[in-house]
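Scroll down for the structure; my scribbles are underneath it.
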Amino acid sequence: MIDTKQVSQYLEEAGIPQRETVIEQLDRFAALLVQRNKAVNLTAITDPEGIAVKHLIDSLMVFKYAHFPQGAKVIDVGCGAGFPSMPMLIAKNDLQMTFLDSTGKKLAFIEDCLETLGLEATVLHARAEEQARKNVSRETFDFAVARAVANLRSLCELTLPFVKPGGCFLALKGKEGKEEWKQAQNAIAQLGGKTQELFAYTLPDASERTMILIKKISQTPTKYPRASTAIMKKPL
Ligand code: SAM
0 MIDTKQVSQY LEEAGIPQRE TVIEQLDRFA ALLVQRNKAV NLTAITDPEG
50 IAVKHLIDSL MVFKYAHFPQ GAKVIDVGCG AGFPSMPMLI AKNDLQMTFL
100 DSTGKKLAFI EDCLETLGLE ATVLHARAEE QARKNVSRET FDFAVARAVA
150 NLRSLCELTL PFVKPGGCFL ALKGKEGKEE WKQAQNAIAQ LGGKTQELFA
200 YTLPDASERT MILIKKISQT PTKYPRASTA IMKKPL
């Protein structure tokens, strides 16, 4: 499906080399995605090069910019078809990954992939703002990650309540990331976060990306997250 040598080389160049077995599993995942996409709309990107760069490499860039300790507990908020979470788990299968999304058909795909690839994870069919109010999830994760879910201002309210103080939220953004980050300063502070770093980089196809690392420095006030209409219409 994907050009495994090329993916391997891209990752090498980005400083995130992977074992051959990982590259093979990424290839199997890509094939499963394309196959399921014929029946269920999971992605607009279906060409092998696009999947390799815009989905797999893009997801794995988290390992370039953040250190995930052995067994770290991670939640992907609005995981969709598993980006960035599935490539992350394939590459580092000691992670305790939680896939969260409000769309059941996407999670059915995630469950099938986990079984086919022999991976273990938690799959949560829920809205982030409701799940984050539950004790079982609130401030229990070392990391939250999210890609293409909402503007950073709103996204912080959907993600930071999951992260324990001392943990981190990684937002995977396009080139709009820096502008969104400027507008999210109040939201980050209100929710107990502090920006650690902002990385601007390009993928092998020259598309521009921004990775925003937000550290959780204090507990999120219990009034957050609010209901979804307030989060989207009146972002902090
Ligand atoms: N992260 C994936 C990616 O980068 O390919 C999926 C992106 S897709 C554009 C956005 C996903 O976020 C959808 O699957 C949607 O169901 C989910 N989503 C949006 N708002 C959500 C919320 N409040 N709680 C849970 N999932 C949400």
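Read the sequence shown against numbering that gives the first Met the number 0 and you will find it ends at 235, with the numbers running on by one and no gaps. Every residue, glycine too, gets a C-beta built ideally from N, C-alpha and C. Predicted model, so just to flag it, every value in this text is computed and none were measured.
Discussion item. Which residues does DSSP list as the beta-bridge partners of His124?
Written reply: Looking at the DSSP assignment, His124 forms a beta bridge with Asp100.
Item to complete: Quick one: using the 10 Å Cβ neighbour count with 16 as the cut-off for buried, is Tyr200 buried or exposed?
Response: Answer is exposed; the Cβ neighbour count stays below 16.
Worksheet item: Hey, Ile213 and Ile230 are a contact pair by Cβ (cut 8 Å); roughly how many whole angstroms apart?
Response: Actually they are not in contact, since the Cβ atoms of Ile213 and Ile230 sit about 17 Å apart, beyond 8 Å.
Practice prompt. Compare the beta carbon distance of Ala183 and Leu157 with 7 Å and say whether it is the shorter of the two.
Written response: Contact: no.
Practice prompt. Note down the Cα distance separating Cys155 from Glu179, rounded to an integer number of angstroms.
Written response: Cα-Cα distance, rounded: 11 Å.
Fill in: Sequence ranges, alpha helix (DSSP H) only - wholly within the segment 19-66, length at least 4
The segment 19-66 contains these whole alpha helix (DSSP H) runs: 19-36, 61-64.
Item to complete: Enumerate in chain order the residues of its own chain whose CB-to-CB distance from His54 is below 6 Å, with the five nearest sequence positions on each side excluded.
Response: Correct list, in chain order: Phe82.
Worksheet item: The beta strand (DSSP E) spanning Lys4 covers which residue range?
Response: Unbroken run through Lys4 is the alpha helix (DSSP H), 3-12; no beta strand (DSSP E).
Worksheet entry | Unbroken beta strand (DSSP E) run spanning Gly166, endpoints | First-last of the beta strand (DSSP E) with Gly166: 162-172.
Practice prompt. Report yes if the CB atom of Lys181 is closer than 7 Å to the CB atom of Ile216, and no otherwise.
Written response: Against a cut-off of 7 Å, the Cβ pair of Ile216 and Lys181 comes out as no contact.
Discussion item. Quick check on DSSP: helix, strand or coil for Thr115?
Written reply: Note: Thr115 maps to helix in three-state DSSP.
Worksheet entry | Beta-carbon spacing of Ile22, Val39 below 7 Å | No, Cβ-Cβ distance for Ile22 and Val39 is not below 7 Å.
Discussion item. Please tell me whether, using a cut-off of 6 Å, the distance from the CB of Val148 to the nearest non-hydrogen atom of the ligand SAM is below it.
Written reply: Taking the Cβ of Val148 as the reference point, at least one heavy atom of the ligand SAM falls within a distance shorter than 6 Å.
Worksheet item: Would a C-beta distance cut-off of 7 Å place Lys72 and Phe140 closer than the cut-off?
Response: Closer than 7 Å, so yes.
Worksheet item: Ordered along the chain, which non-local residues of its own chain (more than five positions away) have a Cβ less than 7 Å from that of Leu88?
Response: So the list reads Leu94, Met96, Leu118, Ala120, once near-sequence residues are dropped.
Discussion item. Count Cβ pairs between the segment 145-153 and the segment 164-175 that sit closer than 8 Å; are there 3 or more?
Written reply: Judged by Cβ distances under 8 Å, the segment 145-153 makes contact with the segment 164-175, as three or more pairs qualify.
Worksheet item: With distances taken from CA atoms, which of Ser153, Pro164, Leu59 is nearest Lys233?
Response: Measuring from the Cα of Lys233, the nearest candidate turns out to be Ser153.
Discussion item. Can you look up Glu175 in the DSSP assignment and give me helix, strand or coil?
Written reply: If DSSP states are grouped into helix, strand and coil, Glu175 belongs with coil.
Discussion item. Please report the straight-line C-alpha distance between Lys274 and Arg27, rounded to a whole angstrom.
Written reply: No answer is possible for residue 274: the residues shown for the chain start at 0 and end at 235.
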